[in-house]
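According to our numbering, numbering within the sequence shown proceeds without interruption in unit steps and concludes at 228.
Using N, Cα and C, we set each Cβ at its ideal position, and we do this for glycine too.
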Amino acid sequence: MAHVLKTSFQGNPNIGLYAYTTDKYCLLGYNMPKAEQNKIKKILDVPIHKLSLCGTNMLGVFAVGNKNCLLLPEIVFEEELKTLEKLKIKYKIIKTHLTALGNNILCNNKGCVVNPEFSDIAIKEIKEALKVPVKRGTIAELNIVGSLAVLRKNHCLTHPEILKQEQKKIERLLNVSVDTGTINFGVPFVSSGIIVNSNGFIIGAASTGIEIQNTDMALGFLKR
5 MAHVLKTSFQ GNPNIGLYAY TTDKYCLLGY NMPKAEQNKI KKILDVPIHK
55 LSLCGTNMLG VFAVGNKNCL LLPEIVFEEE LKTLEKLKIK YKIIKTHLTA
105 LGNNILCNNK GCVVNPEFSD IAIKEIKEAL KVPVKRGTIA ELNIVGSLAV
155 LRKNHCLTHP EILKQEQKKI ERLLNVSVDT GTINFGVPFV SSGIIVNSNG
205 FIIGAASTGI EIQNTDMALG FLKR
């Protein structure tokens, strides 16, 4: 399958923690080997930019966004912001104690579901930056919604124990169809092991053939 890559980063299958991607670019940590970077570029078919966020290579933990804006926590370093400015990537700093924005926000170009602990002020800032409706919500009764789902176009892969009312909220707000599954041999925190855009996806090396096939269908690359 030319649109799928099964891999790990320095032996770690939690690849989703180390990248942030859109249909226009992919951000990777400085620790990404050149050979791996080239494989990722081939699958996602977008320019690759290497940088750090908050002094770490864990870009997927701290960054989240949609076509309108990239959201970042206020603990991001000044030189990192300058790098984004040089790349002409629009960003917004969100003031919150929930600094792992990638773990706490699930969004696309239609809507946004956030950890219920976000303040009203932070939610207003998120709404203005992303230019979409924002609602508090959970997945499998857990607050860290960004960790528990991945989105591609009008498709969503989530934690297997998502509740019916949670699923309906996500489907309605984000305008997606929701399917469930795991990655990396049973891990339900699906965003930790997937990097995806419209062109393809990278999945953690510990994932089984069944998990890869399920992800392929859940994200709309293959028909069920």
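- If you check the CB distance, Val-136 and Asn-113 come in under 9 Å.
- The beta carbon of Ala-222 is closer than 7 Å to those of His-159, Leu-161, Asp-183 and Gly-185 in its chain, skipping five residues each way along the sequence.
- Residue pairing by DSSP puts Val-117 in a beta bridge opposite Leu-110 and Lys-139.
- A straight-line Cα-Cα distance of about 11 Å links Asn-18 and Ser-151.
- In the three-state scheme derived from DSSP, where H, G and I count as helix and E and B as strand, Ile-79 is classed as coil.
- In the structure shown, the three-state DSSP call for Lys-173 is helix.
- Note on the region 150 to 209: whole alpha helix (DSSP H) runs with a minimum of 4 residues are 168 to 178, in chain order.
- Residue state for Leu-102 is assigned as coil, using DSSP reduced to three classes.
- Counting only runs of 3 or more residues that sit fully inside the region 22 to 70, the beta strand (DSSP E) segments are 23 to 25, 30 to 32 and 52 to 54, in chain order.
- Judged by DSSP secondary structure, Leu-134 falls within the alpha helix (DSSP H) whose first and last residues are 124 to 134.
- Under DSSP, Thr-11 forms a beta bridge with Gly-208.
- The secondary-structure analysis by DSSP pairs Asn-16 across a beta bridge with Phe-13.
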